[in-house]
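Numbering (the numbering used here), first residue to last: 158 to 563.
As structure tokens, the structure follows; a few thoughts come after it.
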């Protein structure tokens with residue numbers, strides 16, 4: 158098979174334990190071998206046209222020796238979950254590489270400084286490289302890098318002080334590391350869209366995100382111990398934010414400046430047990446608010462409060478019993494739906510509200526018990542002012558997952 162161009166193999170290593178290393182076609186364009194059982198690629202393997210090298214769950218220790226010729230066409234290397242990989246010796250062999258994936262290579266201790274030669278690299282995935290302690294300073298030369306993933310690199314304690322040359326970086330993940338602060342140079346990354354930052358930083362001593370990151374669209378501050386007064390005013394200068402996760406934090410209120418986030422669509426506040434109320438600080442652009450298990454929440458979407466008149470978002474309020482005790486689930490749901498129908502932000506999008514309760518409101522017609530229901534529709538609906546269907550579901554106690562098809 159000297160002319161073979163595609164080779165896909167998925168065998169557990171035991172299938173090849175006693176076999177000699179095979180000859181591989183030098184005409185290969187894609188080599189995808191899950192469970193590759195050998196420590197090295199064959200010395201005769203000189204695939205000038207190779208585009209993708211995917212050896213997940215492999216026993217590979219060393220990709221190439223000093224005699225290998227440059228692989229100018231190689232775009233992707235994926236060695237995910239390959240426990241014997243410690244490092245890749247010389248990146249000059251693959252000067253046009255675009256994606257390097259070493260996820261869950263738990264013995265990788267360093268990234269070779271020659272990574273600076275990968276000027277076309279757009280993705281560097283080092284998630285779960287639990288032995289990785291440092292990054293080479295030459296990473297700052299990767300001016301095409303768009304995604305840098307360092308989540309759960311538990312031994313990683315420090316980031317480079319200078320990240321300012323990563324001008325193309327759009328997504329930066331580093332949850333679950335031992336890093337305690339972000340370098341100030343991150344504020345100069347003007348194309349950054351998504352950041353999943355630190356979980357164990359004390360944000361009261363200095364919030365690492367400023368209004369200079371004006372292109373940021375998504376921020377994840379889950380379990381960051383953010384308390385009252387620790388979200389500064391300049392956070393609300395991030396005018397392009399669309400998605401904010403503040404799950405499991407300590408604050409009891411959101412700052413009023415949140416209403417300046419005029420493009421915010423999704424706000425996730427689940428498990429914020431001290432959160433007491435949500436009101437005028439929420440921008441009308443919101444499409445979804447999640448406050449599940451916010452056990453202290455007693456004011457949100459209040460049907461008797463005019464301050465919510467501009468808020469027409471979906472909401473999930475699972476286990477918000479204090480909210481229901483004070484406002485009532487049926488009144489809150491009806492008022493929220495009424496606000497939405499009076500001026501729907503986008504008629505092509507659905508509206509959902511999830512609240513604790515024990516019955517379907519009486520104003521829903523065609524009620525039935527069981528797993529399905531049906532009813533006739535007026536054939537002239539498309540020519541009327543009909544806006545859609547309102548559906549109410551009360552699942553049995555203990556149901557952990559609900560899937561509805563309409």
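All C-beta atoms, glycine included, are put in the ideal place defined by N, C-alpha and C.
### Task
Given a cut-off of 9 Å, decide if residue 253 and residue 230 are closer than it, judged by their beta-carbon atoms.
What you label residue 230 is simply residue 73 of the chain shown in a count that begins at 1. What you label residue 253 is simply residue 96 of the chain shown in a count that begins at 1. Yes, they are a contact pair.
### Query
How do the region 370-387 and the region 405-413 stand: do at least 3 beta-carbon pairs fall below 8 Å, yes or no?
yes
### Query
Taking the alpha carbon of residue 184 as the point to measure from, which residue in 198, 190, 208, 320 has its own alpha carbon closest?
As a working mapping, residue 184 is identified with position 27 in the chain shown. Here the closest residue by C-alpha is 208.
### Message
Can you list, in chain order, the residues of its chain with a C-beta nearer than 7 Å to that of residue 431? Leave out the 5 residues immediately preceding and following it.
### Response
Here residue 431 refers to the residue found at position 274 of the chain shown. These residues qualify, in order along the chain: 407, 408, 409, 453.
### Query
Leaving out the 5 sequence neighbours to the left and right, which residues in its chain are closer than 6 Å to residue 202 when beta-carbon positions are compared?
Taking the first residue of the chain shown as position 1, residue 202 is located at position 45. Once the five neighbours on either side are set aside, the close Cβ partners of residue 202 are 181.
### Query
Can you give the Cα-Cα distance for residue 241 and residue 307, rounded to whole angstroms?
Looking up residue 241 in the chain shown gives position 84. Looking up residue 307 in the chain shown gives position 150. Their Cα atoms are separated by approximately 19 Å.
### Task
Report yes if the C-beta distance between residue 460 and residue 492 is below 9 Å; otherwise report no.
Taking the first residue of the chain shown as position 1, residue 460 is located at position 303. Taking the first residue of the chain shown as position 1, residue 492 is located at position 335. The answer is yes: Cβ separation under 9 Å.
### Query
What is the residue span of the alpha helix (DSSP H) that residue 499 lies within?
Here residue 499 is taken as the residue at index 342 of the chain shown, counted from 1. Its alpha helix (DSSP H) spans residues 486-499.
### Message
Just to confirm my understanding: we take residue 363, look at its own chain, exclude 5 residues before and 5 after, and list those with CB closer than 7 Å. What are they?
### Response
Residue mapping note: residue 363 aligns to position 206 of the chain shown, counting from 1. Legend: pLDDT at residue 363 = 47, less than 50; position of this residue unreliable, value from coordinates given subsequently. Hits under 7 Å: none found.
### Message
Please state the DSSP three-state secondary structure of residue 299.
### Response
Within the chain shown, residue 299 is the residue found at index 142, counting from 1. Note: residue 299 maps to coil in three-state DSSP.
### Query
So the beta strand (DSSP E) residue 473 belongs to, where does it begin and stop?
Here residue 473 is taken as the residue at index 316 of the chain shown, counted from 1. Element bounds for residue 473: 471-473.
### Message
Quick check on DSSP: helix, strand or coil for residue 230?
### Response
If you number the chain shown from 1, residue 230 lands on position 73. Residue 230 falls in the coil class under three-state DSSP.
### residue 166 versus residue 159 - alpha carbon distance
Residue mapping note: residue 166 aligns to position 9 of the chain shown, counting from 1. Residue mapping note: residue 159 aligns to position 2 of the chain shown, counting from 1. Using only the alpha carbons, I get a separation of about 17 Å.
### Message
Between the region 313-331 and the region 341-353, can you find at least three pairs of beta-carbon atoms closer than 8 Å?
### Response
yes
### Task
Would you give the residue range spanned by the beta strand (DSSP E) that residue 531 belongs to?
What you label residue 531 is simply residue 374 of the chain shown in a count that begins at 1. Element bounds for residue 531: n/a, residue is neither H nor E.
### Task
Take residue 271 and list the residues in its own chain whose beta-carbon comes closer than 6 Å to its own, dropping the five residues that flank it on each side.
As a first step, residue 271 is located in the chain shown; it is residue number 114 there, counting from the start. If we look at residue 271 and ignore the five residues flanking it on each side, its Cβ neighbours are 247, 248, 249.
### Query
From which residue to which residue does the beta strand (DSSP E) around residue 375 run?
Residue 375 sits at position 218 when you count from the first residue of the chain shown. Residue 375 -> beta strand (DSSP E) spans 375-377.
### Query
Cα-Cα, which of 296, 518, 255, 251 is closest to residue 268?
For the purposes of this step, residue 268 is taken as residue 111 along the chain shown, with counting starting at 1. Residue 268 has its Cα closest to that of 296, out of 296, 518, 255, 251.
#### Entry: Residue interval of the beta strand (DSSP E) (run including residue 353)
Residue mapping note: residue 353 aligns to position 196 of the chain shown, counting from 1. Unbroken beta strand (DSSP E) run through residue 353: 351-353.
### Query
In terms of residue numbering, what span does the beta strand (DSSP E) encompassing residue 425 cover?
For the purposes of this step, residue 425 is taken as the residue at position 268 of the chain shown. First-last of the beta strand (DSSP E) with residue 425: 423-425.
### Task
Please list, in chain order, all residues of the same chain as residue 219 whose beta carbon is under 6 Å from its beta carbon, the five residues on each side excluded.
Translated into positions along the chain shown, residue 219 becomes position 62. The residues are 197.
### Message
Whole angstroms are fine: how far does the CA of residue 290 sit from the CA of residue 168?
### Response
If you number the chain shown from 1, residue 168 lands on position 11. If you number the chain shown from 1, residue 290 lands on position 133. Each residue's Cα considered, the two are about 32 Å apart.
### Contact under 9 Å by Cβ, residue 312 with residue 287
Taking the chain shown and counting its residues from 1, one reaches residue 312 at position 155. Taking the chain shown and counting its residues from 1, one reaches residue 287 at position 130. It is a contact, given that the beta carbons lie within the stated cut-off.
### Message
Since residue 396 and residue 370 should fall inside the 8 Å C-beta cutoff, what is the C-beta to C-beta distance between them, to a whole number of angstroms?
### Response
In the chain shown, residue 396 corresponds to position 239, counting from 1. In the chain shown, residue 370 corresponds to position 213, counting from 1. Their Cβ separation, rounded to whole angstroms, is 10 Å, which puts residue 396 and residue 370 out of contact at 8 Å.
### Message
Report the CB separation of residue 273 from residue 298 in whole angstroms; it is logged as a contact under 8 Å.
### Response
Indexing the chain shown from 1 puts residue 273 at position 116. Indexing the chain shown from 1 puts residue 298 at position 141. 4 Å between Cβ atoms; contact.
### Query
Between residue 377 and residue 338, what straight-line distance do the alpha-carbon atoms span, to the nearest angstrom?
As a working note, residue 377 is residue 220 in the chain shown. As a working note, residue 338 is residue 181 in the chain shown. Whole-angstrom Cα-Cα distance: 15 Å.
### Query
With burial defined as no fewer than 16 other Cβ atoms inside 10 Å of the residue's Cβ, what is the status of residue 538: buried or exposed?
Within the chain shown, the letter at position 381 stands for residue 538. Result: exposed.
### Message
Does residue 305 come out as helix, strand or coil in the three-state DSSP assignment?
### Response
Residue numbering aside, residue 305 sits at position 148 when the chain shown is read from its first letter. Three-state DSSP puts residue 305 in a strand.
### Query
Under 9 Å, do residue 281 and residue 305 count as touching if we go by C-beta distance?
Numbered from its first residue, the chain shown carries residue 281 at position 124. Numbered from its first residue, the chain shown carries residue 305 at position 148. A contact, by the Cβ cut-off of 9 Å.
### Query
So what does DSSP say about residue 274, is it helix, strand or coil?
Reading the chain shown from its first residue, position 117 is the one you call residue 274. Here residue 274 sits in helix by DSSP.
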